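As numbered in full-length UniProt numbering, residues 1 to 847 make up the sequence shown, in order. No residue lacks a Cβ here, since even glycine has one placed at the ideal position from N, Cα and C. All values reported here derive from a predicted model rather than from experimental measurement. Taking it in order: structure first as structure tokens, then the write-up.
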Amino acid sequence: MIYPSNFEQKIGFNDIRVMLKEYCLSALGREKVDRITFSTDVETINEWLEQVREFRRLQEEADDFPLQYFFDVRQSVARIRLDGTYLETNELFDLRRSLETIHLIVRHLNRTDEPTDSEPVRYPYPALHRLTQDVLTFPQLIQRIDQLIDKFGNIRDSASVDLARIRSDLAKTEGSVSRTLYSILRLAQSEGLVEKDVNPTLRDGRLVIPVAPGLKRRIKGIVHDESATGRTVYIEPAEVVEANNRIRELEAEEKREIIRILKEFSVVLRPQIDDILYSYDFLAVIDLVRAKALLAARLTAFEPVINAFPHIDWIQAVHPLLQSSLQKQEKSVVPLDIMLTREHRILIISGPNAGGKSVCLKTVGLLQYMLQCGLSIPIGERSTVGIFQNIMIDIGDEQSIENDLSTYSSHLMNMKQMIRQADDCTLLLIDEFGSGTEPQIGGAIAESVLRQYSKKGVYGVITTHYQNLKHFAEDHNGVVNGAMLYDRQEMRALFQLQIGQPGSSFAIEIARKTGLPEEVICDASEMVGTAYIQSEKYLQDIIRDKRYWENKRRTVHQREKEMEKTIAKYENAISEIEQNRKEILRKAREEAEELLRESNRKIEQTIREIRESQAEKEETKRIREELNAFKEEVKEFDTKDNDEKIARKMVQIQQRKERHEKRKREKAEERRRDADAVKVAVQDKRSASSAGFQMGDAVRIKGLSSVGKVKSVDGKIATVIFGDMRTKMRTDRLEYVKTVGQAKTEPSLQSYSVSWSTRETIDNRKLNFKQDLDIRGMRGDEALNAVTYFIDDAILVGMPRVRILHGKGNGILRQLIRQYLSTVPNVADYHDEHVQFGGAGITVVDF
Numbered sequence: 001m002i003y004p005s006n007f008e009q010k011i012g013f014n015d016i017r018v019m020l021k022e023y024c025l026s027a028l029g030r031e032k033v034d035r036i037t038f039s040t041d042v043e044t045i046n047e048w049l050e051q052v053r054e055f056r057r058l059q060e061e062a063d064d065f066p067l068q069y070f071f072d073v074r075q076s077v078a079r080i081r082l083d084g085t086y087l088e089t090n091e092l093f094d095l096r097r098s099l100e101t102i103h104l105i106v107r108h109l110n111r112t113d114e115p116t117d118s119e120p121v122r123y124p125y126p127a128l129h130r131l132t133q134d135v136l137t138f139p140q141l142i143q144r145i146d147q148l149i150d151k152f153g154n155i156r157d158s159a160s161v162d163l164a165r166i167r168s169d170l171a172k173t174e175g176s177v178s179r180t181l182y183s184i185l186r187l188a189q190s191e192g193l194v195e196k197d198v199n200p201t202l203r204d205g206r207l208v209i210p211v212a213p214g215l216k217r218r219i220k221g222i223v224h225d226e227s228a229t230g231r232t233v234y235i236e237p238a239e240v241v242e243a244n245n246r247i248r249e250l251e252a253e254e255k256r257e258i259i260r261i262l263k264e265f266s267v268v269l270r271p272q273i274d275d276i277l278y279s280y281d282f283l284a285v286i287d288l289v290r291a292k293a294l295l296a297a298r299l300t301a302f303e304p305v306i307n308a309f310p311h312i313d314w315i316q317a318v319h320p321l322l323q324s325s326l327q328k329q330e331k332s333v334v335p336l337d338i339m340l341t342r343e344h345r346i347l348i349i350s351g352p353n354a355g356g357k358s359v360c361l362k363t364v365g366l367l368q369y370m371l372q373c374g375l376s377i378p379i380g381e382r383s384t385v386g387i388f389q390n391i392m393i394d395i396g397d398e399q400s401i402e403n404d405l406s407t408y409s410s411h412l413m414n415m416k417q418m419i420r421q422a423d424d425c426t427l428l429l430i431d432e433f434g435s436g437t438e439p440q441i442g443g444a445i446a447e448s449v450l451r452q453y454s455k456k457g458v459y460g461v462i463t464t465h466y467q468n469l470k471h472f473a474e475d476h477n478g479v480v481n482g483a484m485l486y487d488r489q490e491m492r493a494l495f496q497l498q499i500g501q502p503g504s505s506f507a508i509e510i511a512r513k514t515g516l517p518e519e520v521i522c523d524a525s526e527m528v529g530t531a532y533i534q535s536e537k538y539l540q541d542i543i544r545d546k547r548y549w550e551n552k553r554r555t556v557h558q559r560e561k562e563m564e565k566t567i568a569k570y571e572n573a574i575s576e577i578e579q580n581r582k583e584i585l586r587k588a589r590e591e592a593e594e595l596l597r598e599s600n601r602k603i604e605q606t607i608r609e610i611r612e613s614q615a616e617k618e619e620t621k622r623i624r625e626e627l628n629a630f631k632e633e634v635k636e637f638d639t640k641d642n643d644e645k646i647a648r649k650m651v652q653i654q655q656r657k658e659r660h661e662k663r664k665r666e667k668a669e670e671r672r673r674d675a676d677a678v679k680v681a682v683q684d685k686r687s688a689s690s691a692g693f694q695m696g697d698a699v700r701i702k703g704l705s706s707v708g709k710v711k712s713v714d715g716k717i718a719t720v721i722f723g724d725m726r727t728k729m730r731t732d733r734l735e736y737v738k739t740v741g742q743a744k745t746e747p748s749l750q751s752y753s754v755s756w757s758t759r760e761t762i763d764n765r766k767l768n769f770k771q772d773l774d775i776r777g778m779r780g781d782e783a784l785n786a787v788t789y790f791i792d793d794a795i796l797v798g799m800p801r802v803r804i805l806h807g808k809g810n811g812i813l814r815q816l817i818r819q820y821l822s823t824v825p826n827v828a829d830y831h832d833e834h835v836q837f838g839g840a841g842i843t844v845v846d847f
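Structure below.
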């Protein structure tokens, strides 16, 4: 039950209807908005809200949902129930387009998710899908209409044989009339009877010629009309009168034929009228649901799940009309937190005038009514809602001269109705309870009525200034006080509701703010007595202190949250630091192992270059033992809790690396001196013809110090053994080396033995080496590094020729690579590839 009859007007729901209609696409939806009603069925309301919730999701997920052609042709369709009636062409066109929209919507809502063997068929939007049940679509009817009208809504020539013939005759006749008329017009223009720029025009459906009044007798024909100024008359020449008559006859035949076609179609349509009208009701519901979804987005509202019992626990509730009004003024509304539960069913709100009491009451009434009408409401998502069977309101002045009702009488009438009808599923909303009469008796009656409401277990929000009602709330279970807060320092209302304490009217302060004489204020204070003034002051102090401690509690709570966030942040940071520490230790160990591998590579290189002497072999053995010892030390690092030891080890690694480099420089200097001595001894052999190499000669590759023995010579190709490695190369790349037996005082050289791992590495490289290197797209330093390794590998495996693919571009890579090749001793030549195979984009390197 809703009381009184003008309930919607009092709470502003009429304005909500207007806002809803703005979002409707057609009269179908607007009619549904007018029919929105208050419901007390929980399942129905939840279904309404679920439809809105799904449609909002559909708008976000689907771009192809059909929302065009929401035409209302129900009256036209219902009209053809009578035999002999028919739809006009434009009505038929609207019917066709709207039926197609219905068909597309039903098809879209009947789509299903991918079926599985274990699950039943699932619809993405089940509530909207349920709306399509029993809704018929008419694809065959649409196809039949397409045979009658074209895409512009005109009857097709092919709609019937007779219509095609009539229109053909009409076109021919109109063509002959036009030709005849133009010939007459040109003759009249040549005789000066008609202006040169005049063209035939249409009057009463007949082609005529405009002529000056003084010359009208010069042209034989019928005068059909004259201009408003009288300066022009319109003559139908006699030669085309009969043809124009024929055109009129053919147009009449065409119209009769079109009516016949439409009547025939109406006969086909008539048995399906009820199903078509039902499908249009479905289209109206879709229009309404869409309008609800758009209004929800505008109000920043959401669709809560309704409980089946009376309950209000709203967080951040906002009056939608006040919100829209303040948004236009670029202001924001203060949200309300309000609660009505079985333990606290009635809320007595007190506070200053213009402090927001009535707005709070209307907010409760409007939002609860909107909710039970199936509309989304602007409250916080953590709010919980219930349902009421009755909502009764007593707001404003209902005095009536005609009904002999005063203001207070109207309030008493409302009290009587509420006492009769109210029960434990009723929500009462009463503004200024007990006002309108002498305060003492008014307060007493209000308290007595409030006691009856409390006994009945009703729910309600009541605003008042009476002290006895505030005391009643303190002394009775189920009734609680609430205060609209007021800032005494700035003398302004805060529009915040605080439940648990009564509010003060701040009458003295407001009177002083409005500018009443201080004498008046003092007299009023003396009249009510100091005790009342003090009680008001104490109440204000209590409210102020409560606000202060409430803010303190909120601040402490906020800081606790911040502290928890900070602790969590530090814990994450510590965990991250520990993880980084482990990562650093892991990398340190990897670097140490890499340094060890680098040392191994360096010592292998040193061994290849050490001369034949026992002392140097001992030195080699000592270096290997030292490196093996260092390797064992690296493996024994405690990577978890001995950071200082790792630091010391890294220092030791660096020092050993420096000592190793120093020894390497000393040995290089010693080798340089030995090489100079050997150069003098073998000067003659180096200048001799390379073709004189013989088996057993000690030789080395030019530019390198490794010594090998010639195994055999075949023309310009010699087979040389370096340690355990056999290779073939051109004799001009080799040079003689002085042996021990040739000079006693000269240092001698001999071949060395290569370790098994080194030999295996060389063999693998030979097997996997490719003669082409592609460096296109690399940066300069990256490309140069790749070419360096590639050239070294080519020399190692004895490759005679390789190719480097660098592309043409601006020639930067080409220039950079060739500058490097010019510094490599073993490179004999480099040049562009043949044009057919890449030209300047490829550099060919010969060794």
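Selected residue, minimal CA-CA separation from TRP314, among GLU330, ARG53, PHE302 and MET339 = MET339
Which partner residues does TRP549 have in the DSSP bridge list?
-> In the DSSP output, where bridge partners are listed per residue, TRP549 has none listed.
Going by other Cβ atoms of all chains shown within 10 Å of its Cβ, with 16 needed for buried, is TRP48 buried or exposed?
-> buried
Between the Cα of PRO124 and the Cα atoms of LYS10, VAL211, ARG700 and LEU109, which residue gives the shortest distance?
-> LEU109
Taking TYR69 as the reference, give the member of ASP772, LEU95 and ARG57 with the closest Cα.
-> LEU95
For GLY84, the three-state DSSP class (helix, strand or coil) = coil
Endpoints, alpha helix (DSSP H) assigned at GLU249 | 238-269
CB of THR426 within 8 Å of CB of MET370, strictly | no
Report the three-state DSSP secondary structure of LYS744 (helix, strand or coil).
-> Confidence at LYS744 is low in this model, with a pLDDT of 36, below 50, so its placement is unreliable and no value can be given for it.
Burial state of ALA615, where buried means 16 or more other Cβ atoms lie within 10 Å | Only weak support exists for where ALA615 lies, its pLDDT of 44 falling under 50; the coordinates are left without a value.
Is it right to say PHE806 is buried, meaning 16 or more other beta carbons lie within 10 angstroms of its own, or is it exposed?
-> Correcting the residue identity first, residue 806 is His in this sequence and not Phe. By the 10 Å Cβ count, HIS806 comes out buried.
Between ARG107 and GLU571, what straight-line distance do the alpha-carbon atoms span, to the nearest angstrom?
-> 55 Å
Between which two residues does the alpha helix (DSSP H) carrying SER176 extend?
-> 161-190
By how many angstroms is the C-alpha of LEU375 removed from the C-alpha of ARG30?
-> 15 Å
How about PRO304 and TYR459: do their beta carbons lie closer than 8 Å?
-> no
Environment of LEU163 [buried if 16+ CB atoms lie within 10 Å] | buried
Between the CA atoms of PHE282 and VAL77 - distance to the nearest angstrom | 16 Å
Validate contact between the segment 783-797 and the segment 811-826 using beta carbons, cut 8 Å, 3 pairs | yes
Hey, quick one: how far does the alpha helix (DSSP H) through PHE282 stretch, first residue to last?
-> 273-299
Which residues bound the alpha helix (DSSP H) around ASP15?
-> 13-22
Please name the residue, chosen from VAL845, VAL824, ASN826 and ALA828, that lies closest to HIS834 on a Cα-to-Cα basis.
-> VAL845
Does the segment 284-298 come within contact of the segment 161-177, defined as at least 3 CB pairs closer than 8 Å?
-> no
Taking the alpha-carbon positions, what's the ILE36 to ILE11 distance?
-> 16 Å
Tell me, please, whether the segment 428-441 touches the segment 459-474 by the rule of three or more beta-carbon pairs shorter than 8 Å.
-> yes
Can you give me the start and stop residues for the beta strand (DSSP E) that ASN810 sits inside?
-> No beta strand (DSSP E) holds ASN810; DSSP gives it neither H nor E.
Is the CB-CB distance between GLN316 and GLY356 below 8 Å?
-> no
Is there contact between the segment 134-141 and the segment 181-200, where contact requires at least three CB pairs shorter than 8 Å?
-> no
Contact check, ILE45 vs LEU99, beta carbons under 8 Å | no
Are PHE472 and LEU450 closer than 8 Å when you measure CB to CB?
-> yes
Determine, using beta-carbon pairs with one atom in the segment 254-265 and one in the segment 81-89, whether at least three such pairs fall under 8 Å.
-> yes
Taking Cβ to Cβ, would you say GLY365 is nearer than 8 Å to ILE312?
-> no
For ILE499 versus GLY482, is the C-beta distance shorter than 8 Å?
-> yes
Taking the CB atoms as reference points, tell me whether HIS319 and THR363 lie closer together than 8 Å.
-> yes
LEU20 to THR300, Cα distance in whole Å?
-> 15 Å
For the alpha helix (DSSP H) that ILE79 lies in, which residues bound it at each end?
-> According to the sequence shown, residue 79 is Arg rather than Ile. 74-79 is the span of the alpha helix (DSSP H), which, as asked, contains ARG79.
If you draw a straight line from the C-alpha of GLU249 to the C-alpha of GLY175, how long is it?
-> 16 Å
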